[in-house]
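Going by the working numbering, the final residue of the sequence shown carries number 1427, and the count climbs one at a time with no gaps.
The beta carbon of each residue, even a glycine, is placed where N, CA and C say it ideally should be.
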Amino acid sequence: MVDNCLFCRIVAGEIPATVVHETPGTLAFRDIAPKAPVHVLVITKEHHVDVAAVAAADPALAGEVLGAAAEVARGEGIEERGYRVMFNSGPDSGQEVAHVHAHVLGGKPLGPMLCA
């Protein structure tokens, strides 16, 4: 755990979150500022800065994040119509919390990948 990391504090139970799915290595909870009708974050319980860091340190855990994202989509009822799983990595991507997290987005047509 990194003391000043928001997501580490959520994992530790210091900050409340609406948890929708949990595995031994991941926690999935609703985003507090959703960008779609379904917007869930899937994080690792261990601190890793971004997706490249977790993939290098623990490829099985990286796979667990993807599996958890698929389970979230199924649980939220968006699996059949479609959903997006997105990782932001680094400042140019808009990553706001330096702890690996996947955004699971769906519940409406999401439009193009990038805005001009």
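Checklist entry - Residue ranges of each alpha helix (DSSP H) run of no fewer than 4 residues wholly in the stretch 1343 to 1385, ordered along the chain? => result 1362 to 1368
| message | Given this structure, state the Cα-to-Cα distance separating residue 1348 from residue 1399, to the nearest angstrom. | response | 20 Å
_Start-to-end residues for the alpha helix (DSSP H) that takes in residue 1320_ = 1317 to 1322
field: First through last residue of the beta strand (DSSP E) which encompasses residue 1414
entry: 1412 to 1417
Q) Can the beta-carbon of residue 1353 be found closer than 8 Å to that of residue 1383? A) yes
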